[in-house]
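Note sheet for the following structure.
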Amino acid sequence: MNASAEGGETVRPRIVIVGSGVSGLALASMLTEANADTLVLEQVMPPGRDRGFAGIVSAGDLYALGKSLDNARALPVTAIAEARLATSDIGPDRISPVWSAVEHADLLRVIGRRLSDAGVALMPGATVTEFLWKQGCVAGVRCGESGLELHAELVILADESDPRLAEQVGLRPDWLPTELMHVAKVRYPLPVTVVRERFTAAGDGCRVVVFRHAASWGSPGYGIVLPGSESITVVVAMLLEDEMATARHIREYLDEVLACPVIRRLTSESIEEGFFTEVVPIGVLN
């Protein structure tokens, strides 16, 4: 809070983070150690996206967050197994790095609760419509139809913010098709007891299953099957350039993968609950 010219107090967060996805909340978590006055706004979910998808959090990610995942219903990942879709079998386990498998919504819930306890203001329902400018620099944001103005010394755009905001300040990346891949994710709800049984590894850990598999039309693709606290997530990826050259869609490749006996065994006794696709830079699969 800062004193205004009239002697009252006005809300003026020193740092405004637009986008309350994992990266925005992780940054806010780090800023608590710097004693920064931080406000986190907006959570824009692309159409069709479901926050129940499972993903992997590394030890480095946890270090950045500064906390453990004790309350996030995370599953310890201790092994990686490669599935051979053409021969319907899964290879032997390999020891994995220090990972945890956690569902997106659980991760956001745990981080958000810790930030609230640390005094960080979270407003995921606030919609930022434009930037405030002062002497040619961004000096805050304006929210929604109410026109609420929030001034700041620094405004940061994070994931799950409206991508049109970045275009307002010329931050639209010019990726080439050769630098991008198309990713598809599908979620199958299952009890955690079933998930653990199908993905059990040595000790008390779980495995993730990875694969490389050529589509019926010849394009190479690959993917990963991830355990979650209440689900299994199948993720596949293909180079965008290959998709464009063959006039095929990532959903067609996903359907071929889901029809393979290995994947059918892992997802049996469940039905597809959520489906989502996105185009990302090469190498960003999880």
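Numbered as in the working numbering, the sequence shown ends at 630 without a single skipped number.
Idealized CB from N, CA, C, for every residue including glycine.
Between residue 500 and residue 626, the C-beta gap is not smaller than 8 Å, which leaves the two residues out of contact.
The way I'd put it, the region 448 to 460 does touch the region 363 to 375; three or more beta-carbon pairs between them come closer than 8 Å. Nearest Cα to residue 450 within the set 560, 572, 490 and 462: 572. Assignment of beta-bridge partners to residue 508 by DSSP yields no partner.
Measuring C-alpha to C-alpha distances from residue 365 to each of 545, 447 and 598 identifies 447 as the nearest. Per the DSSP secondary-structure output, residue 526 pairs in a beta bridge with 582 and 623. Below 8 Å, enough C-beta pairs join the region 618 to 625 and the region 528 to 542 to call them touching: three or more. Per DSSP, residue 444 is not a residue of any alpha helix (DSSP H); the beta strand (DSSP E) it occupies stretches across 438 to 447.
A residue is called buried once 16 or more other Cβ atoms fall within 10 Å of its Cβ, and residue 401 is buried on that count. The straight-line gap separating the alpha-carbon atoms of residue 387 and residue 566 is approximately 30 Å. If you check the CB distance, residue 467 and residue 385 come in under 8 Å.
Secondary structure note for residue 591: it is in no beta strand (DSSP E), with a DSSP letter that is neither H nor E. By the criterion of at least three beta-carbon pairs nearer than 8 Å, the region 424 to 441 is in contact with the region 602 to 616. Residue 481 counts as exposed, since fewer than 16 other beta carbons sit within 10 angstroms of its beta carbon.
Across the set 502, 521, 464 and 491, the C-alpha of 502 shows the shortest separation from the C-alpha of residue 515. Counting along the chain, residue 613 sits inside no alpha helix (DSSP H), nor does DSSP assign it H or E at all.
Bounds of the beta strand (DSSP E) holding residue 422 are 419 to 428. For residue 539, the enclosing alpha helix (DSSP H) starts and ends at 536 to 542. Here the alpha carbon of residue 599 sits roughly 13 Å from the alpha carbon of residue 561.
Boundaries of the alpha helix (DSSP H) harbouring residue 373: 366 to 377, taken from the DSSP string. Between residue 614 and residue 507, the C-beta spacing is not below 8 Å.
Here residue 548 carries a coil assignment [DSSP, helix/strand/coil]. For residue 460 and residue 472, the gap between their C-alpha atoms comes out near 21 Å. Counting along the chain, the unbroken beta strand (DSSP E) around residue 401 starts and ends at 398 to 402.
The shortest C-alpha to C-alpha distance from residue 489 to any of 541, 479, 543 and 469 is the one to 469.
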